[in-house]
Amino acid sequence: MIPSPRPLVLALLCILAGLLPALRFGFTPLLAIAFALLALLSSFVFRKRRKVGAVLLFGSFAAAGAALGAISAQDVASDCRSALADGRSLAVAGVLEASAHPLSEGELPPLLPVVTEPFLAGDEVCGGRIRVSLPDGTGAVPAGSWVLLSGEWRASAPPVVPSPWPDDPLYSGFMVARSATITAEPALLRNPLLTMRGRAESRLYRLFPRHAALADALLLGRRESLDPEMREKFARSGLVHLLAISGAHVALLAGVLVLLGAIVRLPHKAVAIGTIALVWAYLAMIGAPASAVRSGIMITLALLGLLLQRPAAAIPIIAASALVILAFQPTAALDPGFQLSFAGVLGILVVRHSAIRRLPLNVRRNKPLNALIEAVLMSVGAFLATMPVAAFHFGSVAPIAILANLPAVPLTSLALVGVAAATVVDLIAPPVAGLLADGAGAALDAMDRVASFAATVPYGSIPILRPNGWAWLFAAAALLLALDFAGRLRPRIRRAVAAGVALSVLLVWPPLVRAAADPLELWFLDVGQGDAIAVRTPASRWILFDTGPKDEWSDAGERRVLPFLRARGVHRIEIMILTHPHADHIGGAAAVLRGLEVGRIVEPGLVVGNQPYLDLLAVAEAKMIPWHAARSGRTITLDGVRLDFLWPDEETLDGTLDANQISAVVRLSYGGFAALLTGDAPAEVEHLLIKRHGGKLRAQVLKAGHHGSRTATSGEFLETVGPAIVIISAGRRNRYGHPAPEVIERVRAAGIPILRTDRDGTIGISVRGPDADWERIVP
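Here is the structure:
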């Protein structure tokens with residue numbers, strides 16, 4: 109039976125009760141600090157009245173948590189990195205935290221972390237950790253190198269799924285370096301940890317030429333160079349936790365150290381102290397991620413308990429590790445890795461302890477069978493506990509992980525030990541290191557095959573609509589009511605029934621709300637300098653127009669479109685319409701096709717040789733997705749939503765090399781509502797459409813052609829369409845100057861309101877019922 113260590117657990121819960129509201133809403137921390145001190149002092153005054161003293165003591169913990177949260181929220185809000193203007197020129201000096209490696213042809217440059225010295229940003233002195241894209245041709249630069257960089261700042265676009273919680277300033281943007289000069293090589297005396305990291309990375313890339321990025325992620329936690337397809341594959345298979353340094357990684361390495369100490373017959377005290385020291389040196393070298401620090405604290409406390417002959421229960425150790433992490437980094441409470449790590453280990457403990465002792469004695473004595481049952485129970489426990497966290501943050505859960513973890517976890521353990529051993533042995537015996545690397549490479553190959561198979565299992569990964577605040581409130585109320593109504597049942601059955609009722613509310617709430625609302629929704633996604641429009645039909649099926657751009661720094665399909673859709677529980681796109689084969693419209697298509705099921709693709713069919721189009725064709729062919737030509741006169745109807753293709757004509761397709769000239773123009777209509785989506789069609793096409801369709805072009809919503817370029821959205825076209833609102837999709841500070849001042853002036857002169865993704869972010873339009881009742885909605 110799991111012990112119930114109430115003091116530490118209550119202390120942690122009280123701190124979280126104060127910390128989370130403070131992070132969410134923010135306020136002056138002085139009042140919380142004063143209340144914490146007053147409550148703490150009062151608890152000593154009332155120490156003889158135990159209940160009153162306990163309430164005051166735990167109240168002081170809640171106030172201390174509120175103070176920590178308020179201070180952290182202020183620090184995030186005032187961080188200079190968040191205030192850097194997009195396009196600002198910067199010159200910074202700093203130390204590289206991860207090694208740069210030569211890139212293959214077509215490979216995107218990773219964003220590498222650099223700890224900068226203070227630098228001027230306007231009138232303000234800024235500094236800290238930033239992400240940097242090094243110039244092409246930089247070559248190999250080891251971690252720990254001091255670099256002088258000059259370039260410009262690229263501010264990150266607001267998230268397509270807005271969050272009211274404070275964002276990590278590290279991800280507020282990144283620096284595009286135009287020049288990079290190495291001012292000092294790595295040196296052990298000056299920066300020992302980063303220097304060792306850089307040397308370890310160099311060995312990994314030499315020992316594992318085919319698996320370098322995967323080995324780097326497993327051993328050192330560097331995921332900048334991981335291929336997006338590999339990340340997506342591991343995510344769909346529920347094995348993405350294996351690509352991050354987690355508690356299991358640290359525990360495995362600690363176990364190997366203890367085993368080696370026992371083999372050479374070192375004293376127990378020396379083994380424990382040596383293991384603790386090496387574990388913390390390793391954590392410092394890899395950058396101390398929260399999940400790994402949790403494991404490091406637990407290992408330290410467990411080994412110290414054994415040394416002092418005072419073994420402790422698992423749950424107090426978990427609570428103590430969370431308290432230590434939150435004391436030094438309060439915002440870690442918002443980190444998905446932190447939440448998944450603690451939820452996973454708690455799930456394993458609860459399920460394993462509850463189930464193992466109920467097994468028949470003959471099963472427990474059968475070691476192979478018992479080991480298999482334990483592995484299944486641990487996988488089930490980890491999945492059940494982390495499922496709500498994964499659903500909330502990523503909009504999907506992967507039940508296939510329960511089975512995939514059974515072979516993948518031991519393979520990962522074998523690969524990790526092999527990678528670590530090869531890296532260390534390479535210092536003294538390179539030929540032996542090569543043999544170890546070959547064995548570890550075989551384990552890495554097997555890991556990849558398991559992930560590849562699991563990612564293709566039907567319904568192995570299930571998108572889930574994120575429950576809103578009302579859903580959590582009703583789930584909590586259902587939990588309390590179920591506990592009350594099931595009061596006569598045995599305690600464990602009572603708790604299980606209540607938990608099941610609460611979980612059912614969370615699962616049933618989204619479709620109930622969705623069915624009650626029953627709107628048509630159009631979402632003009634903020635994907636930078638490009639187009640992406642997601643349409644949800646009244647029957648909750650999805651149509652996607654374009655997928656945003658892909659450039660050397662980012663893939664809008666992966667980073668903007670997929671997160672938006674997954675947050676809404678989308679697992680299938682019925683129709684993907686690609687207006688024309690320019691990279692700013694189809695760049696993210698391959699990523700979307702890999703991440704979601706797509707019913708069919710509709711596009712003009714102008715064959716071009718750019719890489720995004722070739723990637724699109726390759727993925728569509730591999731997944732055998734049907735293709736249809738976008739041609740004028742063609743109509744598609746889905747759940748009462750009618751799509752009339754007005755352009756291009758067949759003869760136009762054969763007679764032009766300019767993809768904008770054949771950009772698909774679609775009139776979307778639903779009852780009395782219509783939206784005209786023009787892609788990048790220029791004014792000449794607009795003129796032909798006016799001659800052909802005249803008043804039939806009228807629509808309440810007009811998506812301005814070609815991102816508001818002066819070559820589209822003519823005055824004649826505006827007058828003919830007569831929109832109630834014009835929406836312009838353009839990137840912040842784009843190099844083309846979109847939208848053009850002339851277009852803005854024309855639209856304003858016509859008295860038509862304008863919404864722009866470069867200023868307003870993602871724009872939503874909701875249409876209720878078959879009438880023309882529509883309104884703007886907030887994402």
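Residue numbers (the working numbering): 109 to 887. Positions of the beta carbon are idealized from the N, C-alpha and C atoms, including for glycine. Owing to the predicted nature of the structure, the values given are computational and were not obtained by experimental measurement.
L588 is classed as exposed because its beta carbon has fewer than 16 other beta carbons within 10 Å across all chains shown.
Among the bridge pairs identified by DSSP, R775 is matched with D752 and L784. Beta-bridge analysis with DSSP links G202 to T224 and V255. The C-beta distance from Y778 to V749 rounds to 5 Å, short enough to meet the 8 Å contact threshold. Setting aside the 5 residues that flank it on each side, G445 is surrounded in the same chain by A352, P397, A398 and S399, each with a C-beta closer than 7 Å to its C-beta; the list follows chain order. Distance between D276 and A499, taken at the CA atoms: about 21 Å.
In the DSSP assignment, P627 is bridged to R876. In this structure, A130 and G346 do not form a Cβ contact; the two beta carbons are roughly 33 Å apart against a cut-off of 8 Å. The beta-carbon separation of V525 and L360, rounded to 7 Å, stays under the 8 Å limit for a contact. With respect to Q637, D723 sits apart: the two C-beta atoms are not nearer than 8 Å. Taking all protein chains in view, the Cβ of I508 is crowded by 16 or more other Cβ atoms within 10 Å, so the residue is classified as buried. For W388, there is no enclosing beta strand (DSSP E); the enclosing alpha helix (DSSP H) has its first and last residue at H376 to I394.
The alpha helix (DSSP H) runs of length 4 or more contained entirely in the stretch 471 to 554 are, from start to end of the chain, 475 to 502 and 509 to 533. Annotated three-state conformation of L863 is strand, per DSSP. Note that the stretch 487 to 504 touches the stretch 448 to 458; at least 3 beta-carbon pairs, one per stretch, sit closer than 8 Å. DSSP places K658 within a strand segment (E or B) once states are collapsed to three. Around the beta carbon of N768, a 10 Å sphere encloses 16 or more other beta carbons of the protein chains shown; the residue is thus reported as buried. Taking a contact as a CB-CB distance under 8 Å, the pair R674 and E340 does not count as one, their CB atoms being some 11 Å apart. Less than 8 Å divides the Cβ of T870 from the Cβ of L633. Taking C-beta atoms under 8 Å as the contact rule, L211 and R239 fail to qualify, at a distance of about 16 Å. Approximately 20 Å separates the beta-carbon atoms of A251 and S287; this is outside 8 Å, ruling out the contact. Closest in alpha carbon position to P218, among L204, D231 and P438, is L204. In this structure the stretch 309 to 327 does not touch the stretch 675 to 692; the number of beta carbon pairs closer than 8 Å is below three. Secondary structure at M406: helix, using DSSP grouped into helix, strand and coil.
Taking the CA atoms as reference points, E629 sits about 47 Å from L391.
Pairing P294 with L301 gives a Cβ-Cβ distance that is not under 8 Å. Of the residues assessed, N299 falls on the buried side of the cut-off, its CB having 16 or more other CB atoms within 10 angstroms. If you look at T291, you'll find it in the beta strand (DSSP E) that goes G281 to A292. Between L826 and L805, the beta carbon gap of about 11 Å keeps them out of contact (Cβ cut-off 8 Å). Three or more Cβ pairs closer than 8 Å define a contact, and the stretch 462 to 478 falls short of that threshold against the stretch 419 to 437. Cβ neighbours of H209 within its own chain (closer than 7 Å, five residues either side excluded): A248, Y313 and S333. Going by DSSP, M338 is part of the alpha helix (DSSP H) stretching over P336 to R344. T645 and I833 have their alpha carbons spaced roughly 21 Å apart.
The three-state reading of DSSP puts K731 in coil, since its state is none of H, G, I, E or B. Separation of M732 and G802 (C-alpha to C-alpha, rounded to the nearest whole angstrom) is 39 Å. Rounded to the nearest whole angstrom, the C-alpha separation of E309 and D324 is 7 Å.
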